[in-house]
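Student:
There are 2 protein chains.
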Amino acid sequence: MTETGGLTPAARKILDAAAELFYARGITAVGVDLIAREAGVTKKTLYDRFGSKEALVEAYLRERDERWRRWLTEQVESGDAGTAHERVLRTFDALGLWMRRENPRGCGFVNAAAELPDPEHPGRKVISEQKRWLRGCLRDLAAQAGARDADQLADELVLLHEGATVLNGLRVIADPVAAARSLARGAMERAGCR
Amino acid sequence: MTETGGLTPAARKILDAAAELFYARGITAVGVDLIAREAGVTKKTLYDRFGSKEALVEAYLRERDERWRRWLTEQVESGDAGTAHERVLRTFDALGLWMRRENPRGCGFVNAAAELPDPEHPGRKVISEQKRWLRGCLRDLAAQAGARDADQLADELVLLHEGATVLNGLRVIADPVAAARSLARGAMERAGCR
DNA sequence: AGTGAACTAAACAGATCGGTTTACTGCAAG
DNA sequence: CTTGCAGTAAACCGATCTGTTTAGTTCACT
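Residue numbers (numbering that gives the first Met the number 0), protein chains in the order written: chain A, 0 to 193; chain B, 0 to 193.
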């Protein structure tokens, strides 16, 4: 075994079905019966593999997180050419491509956060870890690009990422990624990046 | 009648209870039974006044929208002093105050959008109207401030508003409003505002 | 040959979902 | 004095919710 990520075949199907349904219809609105039916699997199998809906939600967010991290690092470091300045801007291109592919309804993590008010829910930890990881990632790039204050620039870049993601789901302005990218360019200039 | 906004006393209590519960726990997770109980009212009264949960959700979003619009215009025009440039920046101060008061869990509209995937849901119209109104508002201010391209600047300012709002709910950076404000200043400079 | 993990099928539990119904009260305006 | 609106109280509807249980099958490894 396995290209299933260490999961049994049935668990793999369950997680795939859950991911699609949770993202498309919302976490609370999707019941375990529907997930099992859509995965072509019994509810018993679902509970044998994941234990609870809460744990399944956590696994869904965890896997989405891993996929996004892999995508971003891969895109930023692709071709290993380019200045740090260019690599920062490339995070926005990566975001744009990612969203065109699998984010028509906004950020899966922000959407999930809206549905998980309980701060004790294990999914909440995954969400905040993801956002903190992105901030750290952008901070490193900002430092490499020679920003006077890498922390402040990182804050600003995170804000641009999140703004672009939300607006992409809401369809109120034409090209949120382009707007974010141009704002990022300005922010880097003012931060003294080479 | 009425400082209740044209609602009967019971309807007023229902809408208040619904607003608090929907925002705090999410729309799907809150049932009509709970709303009626919390409002100290019968389910029958709820259905007599609002007709359906869907309509109640719409009324909740509608009222929140009105309150936010009133707040923003009032804050921006307060003292009627200040250049257009200052009025743009004041929209961020207004956002910051609003969020400190009643937005600990992120934007109510973005959260609602996450839970209303059905594009036919009447609440969706309220949400997109709200965002388009904000964009128009910022566009006017951008034009008054002498931006070379008021539409582009408006896009950027909306993005900063949304980014700040989302990050405020996620608590990943220290002061999202300050970051947005400083980015806005830079954007206006580059847009040639006086 | 035998063990154990992964799975199907289907019934069951108690709670809650959105929504309806019947029967009754209090009260203001014509 | 009556009509009608706003409201309470509580039972009821069928569906769905998360989660459990019992019983049996398939199959790889030892």
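Note that beta-carbon positions come from the ideal geometry of N, C-alpha and C, so glycine has one too.
Fair warning: this is a prediction, and the values are worked out from it, not measured in the lab.
According to the Cβ coordinates, are A:Glu155 and B:Ala178 closer than 8 Å?
Tutor: Yes.
Student: To the nearest angstrom, how far is the alpha carbon of A:Pro103 from that of A:Leu20?
Tutor: Taking the straight line from one Cα to the other gives about 14 Å.
Student: Which residues in chain A sit within 7 Å of B:Arg104, going by Cβ to Cβ distance?
Tutor: Pro116, listed in chain order.
Student: Just curious, the alpha helix (DSSP H) that B:Asn102 is in, first and last residue?
Tutor: Careful: B:Asn102 lies outside any alpha helix (DSSP H) and carries neither H nor E.
Student: Taking C-beta pairs closer than 7 Å, name the residues in chain A that B:Glu161 reaches, listed in chain order.
Tutor: Ordered by position in chain A, the residues that pass the 7 Å Cβ test against B:Glu161 are Gly162, Val165 and Leu166.
Student: What are the start and end residues of the alpha helix (DSSP H) that includes A:Leu71?
Tutor: Per DSSP, A:Leu71 belongs to the alpha helix (DSSP H) from Lys52 to Val75.
Student: Compute the Euclidean distance between the alpha carbons of A:Ala163 and B:Leu152, then round it to the nearest angstrom.
Tutor: About 14 Å.
Student: Does any C-beta atom of chain B lie closer than 8 Å to the C-beta of A:Thr72?
Tutor: So, not an interface residue.
Student: In chain order, what residues of the same chain lie with their CB nearer than 7 Å to the CB of A:Tyr59, ignoring the 5 residues before and after it?
Tutor: If we look at A:Tyr59 and ignore the five residues flanking it on each side, its Cβ neighbours are Leu14, Ala17, Ala18 and Phe21.
Student: Got a sec: which bits of the segment 25–53 of chain A sit with their beta carbon under 8 Å from any beta carbon on chain B, in order along the chain?
Tutor: If the cut-off is 8 Å between Cβ atoms, the segment 25–53 of chain A has Gly25, Thr27 and Ala28 near chain B.
Student: Take B:Val125 and list the residues in its own chain whose beta-carbon comes closer than 7 Å to its own, dropping the five residues that flank it on each side.
Tutor: Once the five neighbours on either side are set aside, the close Cβ partners of B:Val125 are Glu57, Leu60, Arg61 and Asp64.
Student: Give the residues of chain B in contact with A:Arg131, contact being defined as C-beta atoms less than 9 Å apart.
Tutor: Neighbours of A:Arg131 on chain B, chain order: Val171.
Student: Using the beta-carbon count (16 or more within 10 Å), is A:Ser51 buried or exposed?
Tutor: Classification of A:Ser51: exposed, given that the 10 Å Cβ count is below 16.
Student: Excluding five sequence neighbours on each side, which residues of the same chain lie with their C-beta closer than 6 Å to the C-beta of B:Gln74?
Tutor: These residues qualify, in order along the chain: Ala93.
Student: By the 7 Å beta-carbon criterion, what residues does the segment 134–154 of chain B contribute toward chain A?
Tutor: Answer in chain order: Arg134 and Asp154.
Student: Would you mind stating whether B:Arg24 and A:Pro118 have Cβ atoms separated by less than 8 Å?
Tutor: No.
Student: If we define contact as Cβ-Cβ less than 8 Å, is B:Val109 a contact residue for chain A?
Tutor: Yes, contact with chain A.
Student: Nearest to B:Gly135 by alpha carbon, out of A:Arg48, A:Leu182, A:Asp47 and A:Ile172?
Tutor: Of A:Arg48, A:Leu182, A:Asp47 and A:Ile172, the residue nearest in Cα terms is A:Ile172.
Student: Using Cβ-Cβ distances below 8 Å, what residues of the segment 74–98 of chain B are close to chain A?
Tutor: From the segment 74–98 of chain B, no residue has a Cβ closer than 8 Å to chain A.
Student: Along the segment 3–19 of chain B, where does the CB come closer than 8 Å to a CB of chain A? Name the residues.
Tutor: Correct list: empty, as no residue qualifies.
Student: Label B:Thr90 either buried or exposed according to how many other C-beta atoms from any shown protein chain fall within 10 Å of its C-beta, with 16 as the threshold for buried.
Tutor: B:Thr90 comes out buried.
Student: Hey, A:Ala146 and A:Ala183: beta-carbon distance below 8 Å or not?
Tutor: The answer is no: Cβ separation not under 8 Å.
Student: Check B:Cys192 in the structure and name its three-state DSSP category.
Tutor: B:Cys192: coil per DSSP, three-state reduction.
Student: If contacts are defined as beta-carbon pairs under 8 Å, then B:Leu158 and A:Ala112 qualify, I think. What distance do you get, rounded to the angstrom?
Tutor: At roughly 19 Å, the Cβ-Cβ gap does not stay under 8 Å, so B:Leu158 and A:Ala112 are not in contact.
Student: I'd like to check one pair, B:Ala9 with B:Arg36: are the Cβ atoms closer than 8 Å?
Tutor: No. Outside cutoff.
Student: Residues of chain A with CB under 8 Å from B:Ala58, in chain order?
Tutor: Result: empty, since nearest Cβ-Cβ is about 20 Å, beyond 8 Å.
Student: Taking C-beta to C-beta, are A:Ala83 and A:Leu140 nearer than 8 Å?
Tutor: Yes.
Student: Checking 8 Å against the spacing of the C-beta atoms, do B:Val165 and B:Cys106 come in under that value?
Tutor: Yes; because the gap between Cβ atoms is below 8 Å, this pair is in contact.
Student: Within the same chain, show all residues whose beta-carbon is closer than 8 Å to that of B:Thr1, passing over the 5 residues directly before and after it, in chain order.
Tutor: Here the model assigns B:Thr1 a pLDDT of 38, short of 50, so the residue's position is not dependable and the matter cannot be decided.
Student: Suppose contacts are defined by Cβ-Cβ distances below 8 Å. Is B:Lys42 in contact with B:Val31 by that definition?
Tutor: Yes, the Cβ-Cβ distance between B:Lys42 and B:Val31 is below 8 Å.
Student: Comparing the C-beta of A:Arg189 with each C-beta of chain B, is any distance below 8 Å?
Tutor: Closer than 8 Å to some Cβ of chain B, the Cβ of A:Arg189 qualifies, so yes.
Student: Measuring CB to CB, does B:Glu114 end up less than 8 Å from B:Ile26?
Tutor: Taking 8 Å as the Cβ cut-off, B:Glu114 and B:Ile26 qualify as a contacting pair.
Student: Hey, could you find the ends of the alpha helix (DSSP H) B:Asp174 is sitting in?
Tutor: No alpha helix (DSSP H) contains B:Asp174, which DSSP labels as neither H nor E.
Student: Mapping DSSP to helix, strand and coil, what is B:Ile126?
Tutor: Correct three-state label for B:Ile126: helix.
Student: Considering only the beta carbon of each residue, do B:Ala54 and B:Lys12 sit closer than 8 Å?
Tutor: Taking 8 Å as the Cβ cut-off, B:Ala54 and B:Lys12 do not qualify as a contacting pair.
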